[in-house]
Ligand SMILES: [Zn+2]
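Protein chains in written order, with this note's numbering: chain A, 1 to 60; chain B, 61 to 433.
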């Protein structure tokens with residue numbers, strides 16, 4: 001079809017620091033599970049927890 | 061030849077009935093359409109439908125390949141798995157007779173659960189190292205592949221029958237439902253990657269809202285694949301219920317409700333679920349209402365309504381609108397972003413509809429793939 005554009009969906013993971021509340025968005029890695037505590041926070045010594053996992057679609 | 065004074069009027073003259081060439085030019089197509097109109101329509105429509113069927117065939121093949129590859133790459137499967145999978149894909153379910161509707165919900169539930177139990181045991185027997193979470197994944201992938209196979213078979217059957225009998229009216233309903241079927245089938249095909257990698261889908265928004273509230277509280281297994289936490293909130297007792305994540309399951313909220321109400325007095329039920337949006341409505345908008353918000357074949361809803369009615373418990377619902385595709389593919393940003401707001405709405409509802417000392421049951425309804433608690 002002429003008018004349909006190719007759509008690409010990328011999965012993202014948003015981490016939230018349990019201490020200072022900083023949000024970081026990065027690409028989804030295999031094994032990411034919602035609500036699990038993962039990495040050290042960049043701005044303080046707290047731990048981050050996965051807050052959201054979602055897909056964003058862009059048309060090309 | 062001089063083209064400038066060519067007499068168009070004479071050639072295409074409507075009034076001149078005597079011109080035999082003109083008679084043919086007008087009458088031939090009319091005769092053609094009167095006697096062969098259906099065949100022409102059939103030909104044009106067939107081409108469109110054939111394209112759709114070819115697409116459905118590729119979806120069916122693709123989903124089967126994905127399932128087999130997943131089993132091969134992630135779980136050590138025994139050699140006879142191909143034969144087994146093809147057998148599973150062709151399973152059918154015969155719904156109970158509905159001439160006498162009394163007691164039909166139990167019968168439907170029994171049939172559906174037997175099927176689930178059977179596939180669960182037999183999928184599990186394919187590999188020694190299959191964890192429960194892997195098992196739910198494989199079961200979901202199997203469900204998708206067998207649904208796509210069934211859709212392909214039915215549509216192809218309808219088409220071939222119409223074609224064989226050269227029957228245009230028979231092809232009309234097919235032409236009408238095909239766009240809806242294609243939408244469903246495409247959504248199912250697109251659902252595979254999310255389930256494979258254990259990501260939350262749009263339908264998981266209900267469990268996501270309740271799952272976060274359950275974090276860091278004690279959980280108990282209250283019914284098959286269903287998890288419960290009890291917490292205190294401003295003088296009220298909250299029972300938080302969702303299917304057990306992060307496996308791909310919807311759990312058995314109705315059975316859980318039955319167990320809970322046997323031991324506790326519940327004063328209100330709040331259900332949070334994804335709902336199909338209407339065409340033209342925006343995705344990820346929320347709406348509140350009354351009654352049990354829960355999809356599926358209807359047995360769970362029936363059971364929940366029955367218990368709520370007999371115990372006179374009001375049911376409130378919050379739904380998050382989304383399309384068929386959004387509901388079963390990787391959760392969109394817009395839907396994920398509503399989680400905080402919906403949680404706030406739940407607390408507001410508790411405030412408005414209950415008083416201190418009362419108990420509220422909050423159910424996060426939906427597929428809990430990738431959503432723990
Ligand atoms: Zn921090």
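All C-beta atoms in this analysis are idealised placements derived from N, C-alpha and C, irrespective of residue type, glycine included.
Check	Outcome
Coarse secondary structure for residue 275 of chain B, derived from DSSP in three states	coil
Segment limits, beta strand (DSSP E) that includes residue 38 of chain A	37 to 40
Near-chain B residues of the segment 44 to 60 of chain A - C-beta to any C-beta below 7 angstroms	52, 53, 54, 55, 56
Contact test: residue 43 of chain A Cβ vs ligand 1 heavy atom, cutoff 7 angstroms	yes
Straight-line gap, residue 39 of chain A to residue 305 of chain B (C-alpha atoms, nearest Å)	22 angstroms
Residue 181 of chain B - containing alpha helix (DSSP H), residue span	164 to 184
When B/151, B/99, B/271, B/182 are compared against residue 50 of chain A, the one with the closest alpha-carbon	B/271
Endpoints, beta strand (DSSP E) assigned at residue 133 of chain B	No beta strand (DSSP E) contains residue 133 of chain B, which is instead part of the alpha helix (DSSP H) from 80 to 134.
Test: residue 424 of chain B CB closer than 8 angstroms to a CB of chain A	no
Short-range partners of chain A found in the segment 105 to 123 of chain B, where Cβ spacing is below 8 angstroms	none
Contacts that residue 23 of chain A makes with chain B (C-beta to C-beta distance below 7 angstroms)	The contacting residues do not exist; residue 23 of chain A stays about 12 angstroms from chain B at best.
Residue 46 of chain A: CB within 7 angstroms of a non-hydrogen atom of ligand 1	yes
8 angstroms Cβ cutoff, residue 9 of chain A in contact with chain B	yes
Residue 151 of chain B in three-state terms, based on DSSP	coil
Nearest candidate by alpha-carbon position, reference residue 349 of chain B, set B/395, B/172, B/409, B/164	B/409
DSSP beta-bridge partners of residue 391 of chain B	For residue 391 of chain B, which the question treats as bridged, DSSP gives no partner whatsoever.
Presumed contact (8 angstroms Cβ cut-off) between residue 251 of chain B and residue 261 of chain B, rounded CB distance	7 angstroms
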